[in-house]
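Novice: If you're matching positions, the sequence shown starts at 525 in the numbering used here and goes up one per residue. In this text, a Cβ means the ideal position worked out from N, Cα and C, and glycines have one as well.
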Amino acid sequence: MLLRFLALLFVPILILTAVVSCGTQPMTMVGEPTSNLEPTVVHAPRATATPFPTPTPPPYDMEIYGNLENLEPTRQVVTYWYQYKGPHEELLLSLIDEFNRANGWGIVIQGESQGGYDDLYQKIIAGIPVHKVPSMAVAHQYQAATYAV
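(1) Which value, in whole angstroms, describes the spacing of the CA atoms of N591 and S659?
(2) Extract the residue ranges of the alpha helix (DSSP H) inside the region 583-615, only unbroken runs of 4 or more that lie entirely within it.
(3) Between which two residues does the beta strand (DSSP E) carrying G635 extend?
(4) If distances are taken between C-alpha atoms only, which option among N594, I620, V662 and Y641 comes closest to V674?
(5) Rounded to the nearest angstrom, what separates E613 and I652 at their Cα positions?
(6) Using a threshold of 9 Å, state whether the C-beta atoms of Q646 and Y604 are closer than that.
(7) Assuming the contact rule is C-beta atoms closer than 8 Å, P582 and E593 should be a hit. Round their C-beta distance to whole Å, please.
(8) For A661, which beta-bridge partners are listed by DSSP?
(9) Do you know how far the Cα of G630 is from the Cα of V602?
(10) In its own chain, which residues sit with a C-beta less than 7 Å from the C-beta of A669, not counting the 5 before and 5 after it?
(11) Taking the CB atoms as reference points, tell me whether D643 and Q667 lie closer together than 9 Å.
(12) Expressed to the nearest angstrom, what Euclidean distance is found between the alpha-carbon atoms of G639 and D585?
(13) On the DSSP letters alone, give me the boundaries of the alpha helix (DSSP H) that K647 sits inside.
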């Protein structure tokens, strides 16, 4: 009960104090401002011709890869040589089948096992001079570097 009485007593006092302290203060007049600065003249920008965007070169070497911007992927066949056997090969072939069914461009991947890593490497080395290589193949980094030479 005492707490309620004190709250009823102090709340109006706090409100009265806040109202009195937030009242407006009389304004003090200051003399006219003086300035030695000259006015700044702002000119409107002149209309200029719209610049043409500078064509940016593609982020790849067109001599090596051709013009990829106009590449048409529809109904392309991709031959993929790999070295997998057993469950890894089964998984890869299931992924290839899923891709062949699901892609919207009709791209077909033909996965072909070429034996082990060494067999695959030798077949690519033999195929490079006669242009009988796959679209893609598994390769170690040093093997891929040899293919480029």
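Specialist: The short version:
(1) Position 67 of the sequence shown, counted from the first residue, corresponds to residue 591. Position 135 of the sequence shown, counted from the first residue, corresponds to residue 659. Between N591 and S659, the C-alpha separation is close to 17 Å.
(2) Counting whole runs of 4 or more residues, the region 583-615 contains the alpha helix (DSSP H) stretches 586-589.
(3) In the sequence shown, the residue the question calls residue 635 occupies position 111. It spans V632 to S637 - the beta strand (DSSP E) in which G635 sits, taken as one unbroken run.
(4) Absent from the structure is residue 674, since the part of the chain shown begins at 525 and ends at 673.
(5) Within the sequence shown, residue 613 is the residue found at index 89, counting from 1. Within the sequence shown, residue 652 is the residue found at index 128, counting from 1. Answer to the nearest angstrom: the Cα atoms are 25 Å apart.
(6) The residue labelled residue 646 in the question sits at position 122 within the sequence shown. The residue labelled residue 604 in the question sits at position 80 within the sequence shown. The answer is no: Cβ separation not under 9 Å.
(7) Reading the sequence shown from its first residue, position 58 is the one you call residue 582. Reading the sequence shown from its first residue, position 69 is the one you call residue 593. Between E593 and P582 the Cβ distance is about 7 Å, and since that is below 8 Å, they are a contact.
(8) Within the sequence shown, numbered from 1, the residue matching residue 661 stands at position 137. Paired residue(s): W605.
(9) As a working mapping, residue 602 is identified with position 78 in the sequence shown. As a working mapping, residue 630 is identified with position 106 in the sequence shown. Straight-line Cα distance between these residues: approximately 11 Å.
(10) Start at 1 with the first residue of the sequence shown, and residue 669 comes out as number 145. The beta carbon of A669 sits closer than 7 Å to none of the beta carbons in its chain outside the five residues before and after it.
(11) Stepping through the sequence shown from its first residue, residue 643 is reached at position 119. Stepping through the sequence shown from its first residue, residue 667 is reached at position 143. No; because the gap between Cβ atoms is not below 9 Å, this pair is not in contact.
(12) Taking the first residue of the sequence shown as position 1, residue 639 is located at position 115. Taking the first residue of the sequence shown as position 1, residue 585 is located at position 61. Going from the Cα of G639 to the Cα of D585 covers about 33 Å.
(13) Walking along the sequence shown from the start, residue 647 turns up at place 123. Run containing K647: Y641 to G651, per the alpha helix (DSSP H) assignment.
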